[in-house]
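Novice: Shown below is the structure under consideration.
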Amino acid sequence: MEAGVLYVVATPLGNLSDISSRAVEVLREVELIAAEDTRVSGRLLAHLGLSAGRMLSLHEHNEQARVPDLVLRLSRGATVALVSDAGTPLISDPGFRLVAAARAAGVRVSPVPGPSALIAALSVAGLPTDRFVFEGFLPARGAARRSRLNALAEETRTLVFYESSHRIAACVNDLAAVFGGARHGVIARELTKHFEQVADGCLDALGAWLAADTDHVRGEFVVLVAGAASVSTPDTAAADKVLSVLVDALPTRQAADLAARITGAPRQALYREAQRIKAKAQ
0 MEAGVLYVVA TPLGNLSDIS SRAVEVLREV ELIAAEDTRV SGRLLAHLGL SAGRMLSLHE
60 HNEQARVPDL VLRLSRGATV ALVSDAGTPL ISDPGFRLVA AARAAGVRVS PVPGPSALIA
120 ALSVAGLPTD RFVFEGFLPA RGAARRSRLN ALAEETRTLV FYESSHRIAA CVNDLAAVFG
180 GARHGVIARE LTKHFEQVAD GCLDALGAWL AADTDHVRGE FVVLVAGAAS VSTPDTAAAD
240 KVLSVLVDAL PTRQAADLAA RITGAPRQAL YREAQRIKAK AQ
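Numbering-wise, the sequence shown is residues 0 to 281 according to numbering that gives the first Met the number 0.
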């Protein structure tokens with residue numbers, strides 16, 4: 000193998016047969032494997048008949064401390080494979096600091112592509128995939144989660160989220176509350192594993208599906224939501240004129256809400272413009 004290369008290696012989501020022959024070759028030949036959880040990766044290596052003695056843990060709690068030593072080893076010619084517990088590293092998994100530091104040091108970083116829960120879910124969801132927005136994990140606390148969703152309410156591209164088993168029900172309920180229960184969504188559960196399920200329907204129906212069976216809230220989830228319906232582009236000049244009249248007589252948020260109803264212009268954009276007008280007038 001070429002000396003001094005960091006290989007970013009995708010590993011199976013669940014079905015171990017999904018690993019590529021190139022990934023196996025890299026894992027066999029590198030001097031060191033930086034793994035999110037050495038126990039999880041150790042089981043994969045054992046399945047492949049490879050030695051687990053070359054592993055080093057690299058997770059969110061120790062990555063910053065271990066990056067300098069790993070970059071030094073790479074600079075001196077070591078070959079290193081970066082793996083996460085499942086799927087492609089850095090996609091809502093550790094590794095960003097290592098990859099960024101390696102590139103800054105002039106180390107070659109080479110992808111060994113393969114499974115990704117994000118792409119796997121998009122491929123079977125039946126939602127538009129020409130453009131999409133990946134949001135990873137939403138905030139754990141309900142208020143922060145709903146605030147983030149409110150910021151995405153007018154997004155017209157397909158939305159993709161990761162979610163854990165203990166928050167999936169609350170997450171889907173919040174999606175329905177913010178986006179409307181009639182918005183179409185898809186829940187992809189335990190992809191490539193024995194109990195794989197892909198459920199689709201309106202968000203209200205998906206919430207009911209989760210509540211109907213305790214097995215439905217177990218495992219790892221990708222949640223996809225159809226984008227907001229596109230609206231015709233409003234006359235910006237006319238919207239600004241309406242807003243300028245309203246903002247003189249009404250509070251900023253109320254003026255923006257009313258201007259949006261009158262003109263069809265995006266409420267958030269009008270609210271920002273109303274704030275600008277108010278600030279200029281002070």
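Glycine included, each C-beta is placed from N, C-alpha and C at the ideal position.
1. Quick check on the DSSP output: what are the complete alpha helix (DSSP H) runs of length 4 or more inside the stretch 162 to 187, in order along the chain?
2. Considering Cα atoms alone, identify which of Met0, His60 and His183 is closest to Thr78.
3. In its own chain, which residues sit with a C-beta less than 6 angstroms from the C-beta of Val185, not counting the 5 before and 5 after it?
4. Is DSSP giving Asp286 helix, strand or coil here?
5. What does the alpha-carbon distance come out to for the pair Glu30 and His60?
6. For Ala278 and Ala258, which I take to be in contact (beta-carbon distance under 8 angstroms), what is that distance rounded to the nearest angstrom?
7. So, with DSSP's three-state summary, where would you put Val111?
8. Could you give the DSSP three-state label for Thr235: helix, strand or coil?
9. Take Leu69 and list the residues in its own chain whose beta-carbon comes closer than 7 angstroms to its own, dropping the five residues that flank it on each side.
10. When DSSP labels each residue in this structure, what does Gly125 get in the three-state scheme?
11. Counting Cβ pairs, one atom from each stretch, are 3 or more of them under 8 angstroms apart for the stretch 120 to 136 and the stretch 185 to 195?
12. Is the number of C-beta pairs between the stretch 4 to 23 and the stretch 103 to 116 that are closer than 8 angstroms three or more?
13. Are the CB atoms of Val216 and Ser164 within a distance shorter than 8 angstroms?
14. Between which two residues does the beta strand (DSSP E) carrying Ile32 extend?
15. In terms of alpha-carbon separation, which member of Ala168, Arg156, Arg38 and Ala85 lies closest to Ala211?
16. Given that a residue counts as buried once 16 or more other Cβ atoms are within 10 Å of its Cβ, and exposed if not, what is Val244?
17. When you compare only the Cα positions, how much space is there between Gly48 and Thr128?
18. Decide if Ser83 is buried, meaning its Cβ has at least 16 other Cβ atoms within 10 Å, or exposed.
19. Give the DSSP bridge partners of Asp199, in chain order.
20. Taking its Cβ as the centre, do 16 or more other Cβ atoms sit within 10 Å of Ala116, making it buried, or is it exposed?
21. So, with DSSP's three-state summary, where would you put Gly135?
Specialist: Let's see:
1. 167 to 178
2. Met0
3. Excluding sequence neighbours, Val185 sits near Ala124, Asp199 and Leu223.
4. It is not possible to answer for residue 286, since the shown part of the chain is limited to 0 through 281.
5. 23 angstroms
6. Contact doesn't hold; Cβ gap of about 17 angstroms is too wide.
7. strand
8. helix
9. Ala33, Val79 and Leu97
10. coil
11. yes
12. yes
13. Yes, the Cβ-Cβ distance between Ser164 and Val216 is below 8 angstroms.
14. Leu31 to Ala34
15. Checked all of Ala168, Arg156, Arg38 and Ala85; the closest Cα to Ala211 is Ala168.
16. exposed
17. 37 angstroms
18. buried
19. Residue pairing by DSSP puts Asp199 in a beta bridge opposite Val185.
20. buried
21. strand
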